[in-house]
Amino acid sequence: MKKLYMAVLCSMGLCASIPAQAGWLSSLFDWNEARTKHPIVLVPGIFAFDSIAGVDYWYRIPAALEAEGATVFVPEINAFESSVMRGESLIAQLEEIRAASGGKITRFNLIGHSQGGMTSRYVMNARPDLVASVTTAHTPHQGSPLADIVTQVAPEDTLQGVTFELLANAVGDLVNLLSGYNGDQSNIYAMLGEFNQPGAAAFNQQFPAGLPATACGEGASQVRLNGQDIRLYSWSGTATITSVVDPSDAMFAITGLAFTEANDGVTGRCSSHFGDVIKDNYTMNHIDVNNHVLGLVSLFETSPETLFRNHANRLKRAGL
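Numbered per mature numbering (1 follows the signal peptide of the UniProt record, and there is no 0), the sequence shown spans residues -22 to -1, 1 to 298.
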């Protein structure tokens, strides 16, 4: 948006006078469209990392938000672990940020991708004093059939399960090492046990706030927990193949076959519903939303950077 205003002003021959006129220009145009009252915290999902070898989990998204005035934090989270354990780690980091701010920061806008949405839900319930809003993106709140398949094919206490656990946790620990996370070791079955049908049902029974009361409905747009009002939002996609050059498309095209509803390769359309559903059928697969692989997303859909900037502006207009 800022570039558009600049182009218009330059076409009028006003580029040279822009520095001198910064005061009145700021009063005419809001160049801080993503400057929310409370900082934005981008909470990653499974395979969580902040940055590995110069590649960010939230590829170019923090920079896009910060360019429009947002304050953004990306926490360090275990690659494979339950949302409760991940949530406790997130709470500790939020407390550190709040303490370091000297009272300037009191609450946060949590935006969670995939399991990051479940992690944010836990934090919302455990420490509502830290949370102004929770937004979940492509989060399987009702579980994912992929988790059921894995836990059925490789039960935890069987030879197949032990072998799978060793390999998966080794991968998770490598991701943690490369991203600089030095907390607990990965626990793949703690994660999977939360997303198969029994695990998802148990989690939702314990933390029902924001969930739809009817199948594929919407949840409350705002909840009050321990005296704190918290706004709730969600969005998701229903495409698996979105870019012919994206290597992840083939994988999601296969995993999407496990579903009986429209899905993004990991999360079903209705399963993504939480709070105020902004949209549930973006032309995005499970990792397009965080702009991967390396920005190879659909050319015919809103870009992830724009999607997040628009949502930050939505939070701003809501006083969050």
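Ideal placement from N, C-alpha and C gives every residue a C-beta, glycine not left out. Only a predicted model underlies this, so the values are computations on that prediction, with no experimental measurement involved.
For Leu298, the CB contacts under 7 Å within the same chain, skipping 5 residues up- and downstream, are Thr14, Lys15, His16, Asn87, Ala110, Ser111, Arg209 in chain order.
By the Cβ criterion, the segment 213 to 222 is in contact with the segment 274 to 288, since at least three pairs of Cβ atoms, one from each stretch, lie closer than 8 Å. Residues Phe58, Glu59, Ser60, Met63 of the same chain have their beta carbon placed closer than 8 Å to that of Ala168, with the five preceding and five following residues left out of the count. Membership of Ala115 in the beta strand (DSSP E) is indicated by the continuous run 109 to 115. Within the segment 25 to 110, the runs of beta strand (DSSP E) at least 3 residues long that lie entirely inside it are, in chain order, 86 to 91.
Two segments are said to touch when three or more pairs of C-beta atoms, one from each, lie closer than 8 Å; by this definition the segment 139 to 152 does not touch the segment 232 to 241. Residues of the same chain with a CB within less than 7 Å of the CB of Phe25, apart from the 5 flanking positions on each side, are Ala57, Val153 in chain order.
Linking Gly150 to Pro190 through their CA atoms gives a straight-line distance of about 32 Å. Cβ neighbours of Tyr100 within its own chain (closer than 6 Å, five residues either side excluded): Ser61, Val62, Gly65. Check the Cα spacing between Leu72 and each of Asp107, Leu43, Ala41, Pro40: the tightest is with Asp107. In the displayed model, Asn160 falls within coil according to three-state DSSP, outside both helix and strand. Ala187 has its alpha-carbon roughly 8 Å from the corresponding atom of Ala198. In its chain, beyond the 5 residues on either side, Arg76 have a beta carbon closer than 7 Å to the beta carbon of Thr84. Counting only runs of at least 3 residues, the segment 238 to 279 fully encloses the following beta strand (DSSP E) elements, listed from N- to C-terminal order: 254 to 260. Assigned with DSSP and collapsed to three states, Gln206 falls in strand. By the Cβ criterion, the segment 170 to 182 is in contact with the segment 116 to 128, since at least three pairs of Cβ atoms, one from each stretch, lie closer than 8 Å. Around the beta carbon of Pro53, 16 or more other beta carbons sit within 10 angstroms, so the residue counts as buried.
In the DSSP assignment, Ile18 falls outside any alpha helix (DSSP H) and within the unbroken beta strand (DSSP E) covering 18 to 21. The beta carbons of Leu43 and Ala12 sit closer together than 8 Å. C-alpha of Ala179 to C-alpha of His91: approximately 20 Å in a straight line.
Note on geometry: alpha-carbon atoms of Asp258 and His116 lie some 9 Å from one another.
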